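A.B. asks: Residue numbers (our numbering): 903 to 1052.
Even glycine gets a Cβ: it sits at the ideal position worked out from N, Cα and C.
As the structure is a computational prediction, the values presented were derived from the model and not from experiment.
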């Protein structure tokens, strides 16, 4: 299982997702361009020394990333979906994809996904923070597949 971030814009979110990947033993794919310089110390400040314990792959763009996905399923988390991750059957090699904080993903990326899922929220609010969404989604996917760390 892997986490993928499409054109992330906030260094602190990327750092938190890298820390999540380190703690859960899951690789993280970063699809560029990003909204900040990679050497931005804010990434390391949020990820701390956990950044040394996660496999990170940076992809120049969507096409470069998408070429690496097969044979895995691409599972998009989006506020535009109606299906819940709690009613979905995850597989061990799924790639969990999250869009950029301000705009999600463009239509061609959404259409490339094998499934679209929406974390259930109260109707008065729009969305969760990117790192929070990734943690909820990954936790459920790892639980279902029996891959939670011991």
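Could you tell me whether the Cβ atoms of residue 907 and residue 998 are closer together than 7 Å?
C.D. replies: Not closer than 7 Å, so no.
A.B. asks: Taking residue 967 and residue 1019 to be in contact with their CB atoms under 8 Å, please state how far apart those CB atoms are, rounded to whole angstroms.
C.D. replies: Not quite, the Cβ-Cβ distance comes to about 19 Å (not below 8 Å), so this is no contact.
A.B. asks: If you draw a straight line from the alpha carbon of residue 962 to that of residue 950, how long is it in whole angstroms?
C.D. replies: About 25 Å.
A.B. asks: What distance in whole Å lies between the Cβ atoms of residue 913 and residue 957, which are believed to be in contact at a cut-off of 8 Å?
C.D. replies: Their Cβ separation, rounded to whole angstroms, is 19 Å, which puts residue 957 and residue 913 out of contact at 8 Å.
A.B. asks: What residues match up with residue 931 in a beta bridge as DSSP calls it?
C.D. replies: DSSP, once it has assigned bridges, lists 906 and 959 as partnering residue 931.
A.B. asks: For residue 977, which residues does DSSP report across the bridge?
C.D. replies: Residue 977 pairs with 998 and 1017.
A.B. asks: Answer yes or no: do residue 1054 and residue 1022 have a C-beta to C-beta separation smaller than 7 Å?
C.D. replies: Limits of the chain in this structure are 903 at one end and 1052 at the other, which puts residue 1054 out of reach.
A.B. asks: Going by DSSP, name the residue or residues bridged to residue 1006.
C.D. replies: DSSP output for residue 1006 lists 1002 as bridge partner(s).
A.B. asks: Tell me the rounded alpha-carbon separation between residue 976 and residue 947.
C.D. replies: Residue 976 and residue 947: Cα-Cα distance of roughly 30 Å.
A.B. asks: Which class does residue 1028 belong to by DSSP, given the choice of helix, strand or coil?
C.D. replies: In this structure, residue 1028 counts as coil in the three-state DSSP scheme.
A.B. asks: Within 10 angstroms of the Cβ of residue 910, are there 16 or more other Cβ atoms? Answer buried if so, exposed if not.
C.D. replies: Flag for residue 910 reads buried.
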